[in-house]
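Position 89 (the sequence shown) corresponds to 119 in the working numbering; numbering is contiguous.
Report on the structure given below.
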Amino acid sequence: MGRRDVVSWNVILMAYFSNGEGEKVLDLFRRTISEGVMLNSASWNSIIGGCIQNGKKDKALELLAKMQNSGFKANRITISTVLPAYTDLESMRTGKEIHAYSLRNQFAEDIMVGTALAFMYAKCGDLKLSG
């Protein structure tokens with residue numbers, strides 16, 4: 031088999047996440063980077079979303095920062111994926127920072143982002159901001 035491309039890696043990573051093998055995914059993700067695979071937005075969104083779905087919100091935030099340091103900007107999919115992880119009062123500050131980022135980048139009007147924002151604020155108990 032030849033060298034895997036970014037699409038192949040994305041599929042493999044998501045398959046492991048779907049199988050509940052989060053630690054293996056993170057190791058494989060590091061491997062993709064070390065092998066020089068040219069990641070794309072889908073790669074970053076997949077790994078961040080997989081971390082959140084597997085209860086690793088701190089790792090997701092770490093990867094979000096790494097994504098941005100690698101030259102990729104969070105997009106509407108990234109924001110709507112990340113926001114549901116911040117549904118308690120302790121993490122509301124981070125959620126508000128992500129909301130501000132959404133406003134600066136004109137994502138707040140997007141239906142997925144708007145829904146994620148409303149959900150986050152409602153779960154945090156701030157019904158005024160959720161509407």
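Idealized CB from N, CA, C, for every residue including glycine.
Reduced DSSP category for residue i - H, G, I as helix; E, B as strand; rest coil
i	result
residue 117	coil
residue 41	helix
residue 34	coil
residue 68	coil
residue 49	coil
Sequence-distant residues of the same chain with beta carbon closer than 8 Å to residue i, five excluded per side
i	result
residue 66	none
residue 110	140, 142, 143, 145, 146
Which listed residue (the options) has its alpha carbon closest to that of residue i
i	options	result
residue 100	140, 74, 139	74
residue 127	155, 46, 35, 94	94
residue 104	62, 153, 150, 129	129
residue 138	57, 107, 154	107
residue 125	135, 154, 54	154
Check whether residue i and residue j have beta carbons under 8 Å apart
i	j	result
residue 72	residue 113	no
residue 47	residue 70	no
Does the stretch 80 to 93 touch the stretch 113 to 133, meaning 3 or more C-beta pairs lie closer than 8 Å? yes
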